[in-house]
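Asks:
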Amino acid sequence: MAAASLSWSNRVLSGPASRESVSLASHKFRSKNVASSRVVPVHSRNARRRSVLKVEARAILDFFTKRGAPQSDSGEFREGWAYAPWERVRLGPFTVSPMGLGTWAWGNKFLWGYEEAMDEELKEVFDLVVSRGINIFDTADSYGTGALSGRSEQLLGQFIKEYPGSDKYRSDIRFATKLAAYPWRLTPGQMVGACRASLDRLGMEKLAIGQLHWSTANYAPLQERVLWDGLVAMYEEGLVECVGVSNYGPQQLERIYTYLQERGVPLASAQVQFSLLSSGPEQEDLLSFCDANGIRVIAYSPLALGVLSGKYNADNLPQGPRGLLFRQLLPGLDPLLAVMAEIGQKRNKSLTQVAINWCMAKGTIPIPGAKTLQQAEESLGALGWRLSGNEVAALDDAAAEVPRPMIQNIFQTK
135 MAAASLSWSN RVLSGPASRE SVSLASHKFR SKNVASSRVV PVHSRNARRR
185 SVLKVEARAI LDFFTKRGAP QSDSGEFREG WAYAPWERVR LGPFTVSPMG
235 LGTWAWGNKF LWGYEEAMDE ELKEVFDLVV SRGINIFDTA DSYGTGALSG
285 RSEQLLGQFI KEYPGSDKYR SDIRFATKLA AYPWRLTPGQ MVGACRASLD
335 RLGMEKLAIG QLHWSTANYA PLQERVLWDG LVAMYEEGLV ECVGVSNYGP
385 QQLERIYTYL QERGVPLASA QVQFSLLSSG PEQEDLLSFC DANGIRVIAY
435 SPLALGVLSG KYNADNLPQG PRGLLFRQLL PGLDPLLAVM AEIGQKRNKS
485 LTQVAINWCM AKGTIPIPGA KTLQQAEESL GALGWRLSGN EVAALDDAAA
535 EVPRPMIQNI FQTK
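Count along the sequence shown from 1, then add 134; that gives the number in the numbering used here.
(1) Answer with yes or no whether the minimum CB distance from L507 to chain C is below 8 angstroms.
(2) According to DSSP, simplified to helix, strand and coil, what is T547?
(3) To which residues does DSSP link K312 through a beta bridge?
(4) Rounding to the nearest angstrom, what Cα-Cα distance links L336 and K445 in this structure?
(5) Tell me the DSSP secondary structure of Y391 in three-state form.
(6) How far does the beta strand (DSSP E) with S265 in it extend, from its first residue to its last?
(7) Quick one: any contact between the stretch 310–327 and the stretch 363–376, if contact means 3 or more CB pairs under 8 angstroms?
(8) L521 and W492 look like a contact to me (Cβ under 8 angstroms); what is the Cβ gap, rounded to whole Å?
(9) Apply the 10 Å Cβ neighbour rule to G383 and answer buried if 16 or more other Cβ atoms are within range, or exposed otherwise.
(10) Can you tell which of E525, K483, T321 and F293 has its C-alpha closest to the C-alpha of F309?
(11) CA-CA distance, V399 and G428?
(12) Between the alpha carbons of M540 and R319, how many angstroms are there, rounded?
(13) Under 7 angstroms Cβ to Cβ from L470, same chain only, skipping five residues before and after it: list those, please.
(14) State buried or exposed for K483, treating a residue as buried only when at least 16 other CB atoms are found within 10 Å of its CB.
(15) Check whether the stretch 458–474 touches the stretch 501–521, counting contact only when three or more Cβ pairs, one atom from each stretch, lie closer than 8 angstroms.
(16) Please state whether DSSP places Q292 in a helix, a strand or coil.
(17) Can you list, in chain order, the residues of its chain with a C-beta nearer than 8 angstroms to that of L256? Leave out the 5 residues immediately preceding and following it.
(18) Taking C-alpha atoms, which residue in F228, R224, M233 and T229 lies nearest to L514?
(19) Going by DSSP in three states, P539 sits in which element: helix, strand or coil?
(20) By DSSP's criteria, G378 is part of a beta bridge. Which residues make up the other side?
(21) Pull up the CB-CB distance for S227 and D261, whole angstroms please, since I reckon it's below 8 angstroms.
(22) Below 8 angstroms on the Cβ atoms is my guess for N543 versus N352; work out the distance and round it to an integer in Å.
(23) Quick check on the DSSP output: the beta strand (DSSP E) that includes V100 runs from which residue to which?
(24) Can you tell me whether S332 is helix, strand or coil according to DSSP?
(25) Using the beta-carbon count (16 or more within 10 Å), is D301 buried or exposed?
(26) Can you give me the C-alpha to C-alpha distance between Q508 and E258, rounded to a whole angstrom?
(27) Got a sec, what are the start and stop residues for the beta strand (DSSP E) R319 sits in?
(28) Within a Cβ cutoff of 6 angstroms, which residues of the same chain sit near L374, ignoring the five residues on either side of it in sequence?
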């Protein structure tokens, strides 16, 4: 195709922003309390995309109920809140921004080219997104390469301490950290110790969400129960408000959900690789189970490591492993990128903003990363509007035709 070398981000996305009614938005809230004892079995879904009518009906309900409106005690809306108040969403016991910020790149030299000289701009990124109403940040004790392990948590702890805004906004920030399932973490006490170390780096006494970074079911199934018991111990010792998991497929998620229910521990979130290039039957089954059981899906890599941003083509690839991967993915992406660009042109939005908004339309909380103010500003542009049901369906159809989906995390379970 002649357009194969086109850098889609350079397309002129001009024209008036869409004025489609917010009632066509597709945001969803979980109506089932996490503490419910009923487990809804995972079931297959024949259709890849969700019904347009279902999408619009949920949005109309959200419009009239205005759940979780981001108000202060005085009833005033948060300063800098750039989108409609009914868009704040429930995450466990909290109400949070419908998009968070992921910090995988903060400290990662191998994949993301981190250098300590970037820290000043990373602080500016943090201050910017907090001032715009973002209050959920995802991190991990393994984020950071080599001697920089834990760097992401350290930076977040430093930045929240130095945040120039008022204390009431600082106190509204929620940190969700993931604890690695390292092979030497063989007792619940070691998980508790890891949690305390994360709290020290973050400068906090209690985590909003303590997450298990991955399951060992695929390679060390006997360790899995120990890790689950570690989550229980963290909750019972008051180190976390609630717990979550990451890289769990629907079958293993149902198992840990049942186990935690029996122990009286609320499972608030399931973090999974989710984007227009990672939205197959397993992700649909996971969404279905989470919808039914009050678990919020957190979508990491909503831009598929950046390939959905439209910045790259065969002549302009990122350095390192991402460049090798993108070389394989890009030849089949033109039809999807064209649909994204068409929607973006109508709404005066970039491909990045369309991709992130699609994740929100599916009921997830996307956590795009940002190393620069420009990246943060662009991601923030995904807020304040909603794809219509027809636009979501068009994107679903185009994504279904992509010949090579995104490679999945090696720790992802069934």
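Backbone N, C-alpha and C define an ideal beta-carbon position, used for all residues, glycine too. Nothing here was measured: the structure is a model prediction, and the numbers come from that model.
Replies: This is what the structure gives:
(1) Looking at the structure shown, chain C is missing, and only one protein chain is on hand.
(2) As a working note, residue 547 is residue 413 in the sequence shown. Correct three-state label for T547: coil.
(3) Looking up residue 312 in the sequence shown gives position 178. Answer by DSSP bridge pairing, in chain order: A274 and Q345.
(4) As a position in the sequence shown, residue 336 is number 202, starting the count at 1. As a position in the sequence shown, residue 445 is number 311, starting the count at 1. So the alpha carbons of these two residues sit roughly 33 angstroms apart.
(5) Along the sequence shown, read from residue 1 onward, the residue named residue 391 stands at position 257. Three-state DSSP puts Y391 in a helix.
(6) By one-based count along the sequence shown, residue 265 stands at place 131. Looking at the DSSP string, S265 is not in any beta strand (DSSP E); the run it does join, the alpha helix (DSSP H), is D253 to S265.
(7) yes
(8) Stepping through the sequence shown from its first residue, residue 521 is reached at position 387. Stepping through the sequence shown from its first residue, residue 492 is reached at position 358. Indeed, because the Cβ distance is near 6 angstroms, the residues count as touching under 8 angstroms.
(9) Here residue 383 corresponds to residue number 249 of the sequence shown, with the count starting at 1. Buried, by the Cβ-count rule.
(10) Counting from one through the sequence shown, the residue named residue 309 turns up at place 175. Of E525, K483, T321 and F293, the residue nearest in Cα terms is F293.
(11) Numbered from its first residue, the sequence shown carries residue 399 at position 265. Numbered from its first residue, the sequence shown carries residue 428 at position 294. Roughly 13 angstroms separates the two Cα atoms.
(12) Counting from one through the sequence shown, the residue named residue 540 turns up at place 406. Counting from one through the sequence shown, the residue named residue 319 turns up at place 185. Answer to the nearest angstrom: the Cα atoms are 30 angstroms apart.
(13) By 1-based counting over the sequence shown, the position of residue 470 is 336. Cβ neighbours of L470 beyond the five flanking positions: L410, A532, A533 and V536.
(14) In the sequence shown, counting from the first residue as 1, residue 483 sits at position 349. Counting Cβ neighbours within 10 Å, K483 comes out buried, since at least 16 surround it.
(15) no
(16) Here residue 292 refers to the residue found at position 158 when the sequence shown is read from its first residue. It is helical.
(17) By 1-based counting over the sequence shown, the position of residue 256 is 122. Cβ within range, chain order: W240, L289, F293 and K505.
(18) Position 380 of the sequence shown, counted from the start, is the residue given in the question as residue 514. Out of F228, R224, M233 and T229, M233 has the C-alpha closest to the C-alpha of L514.
(19) Within the sequence shown, residue 539 is the residue found at index 405, counting from 1. In the structure shown, P539 sits in coil (DSSP, three-state: anything other than H, G, I, E or B).
(20) Here residue 378 corresponds to residue number 244 of the sequence shown, with the count starting at 1. Per DSSP, Q345 and S403.
(21) Mapped onto the sequence shown, residue 227 falls at position 93. Mapped onto the sequence shown, residue 261 falls at position 127. Going by the sequence as given, residue 227 is Pro instead of Ser. No, P227 and D261 are not in contact; Cβ-Cβ is about 26 angstroms, not under 8 angstroms.
(22) For this step, residue 543 is matched to residue 409 along the sequence shown. For this step, residue 352 is matched to residue 218 along the sequence shown. 11 angstroms between Cβ atoms; not a contact.
(23) Given that the chain is displayed from residue 135 to residue 548, the structure contains no residue 100 and the question cannot be resolved.
(24) As a working note, residue 332 is residue 198 in the sequence shown. Note: S332 maps to helix in three-state DSSP.
(25) Walking along the sequence shown from the start, residue 301 turns up at place 167. Exposed, because fewer than 16 other Cβ atoms sit within 10 Å of the Cβ of D301.
(26) Here residue 508 is taken as the residue at index 374 of the sequence shown, counted from 1. Here residue 258 is taken as the residue at index 124 of the sequence shown, counted from 1. Taking the straight line from one Cα to the other gives about 11 angstroms.
(27) To locate residue 319, count along the sequence shown from 1; it is residue 185. Taken as a continuous stretch (DSSP letters only), R319 belongs to no beta strand (DSSP E), as it is neither H nor E.
(28) Taking the sequence shown and counting its residues from 1, one reaches residue 374 at position 240. Note on residue identity: the sequence assigns Val, not Leu, to residue 374. Correct list, in chain order: L341, G344 and M368.
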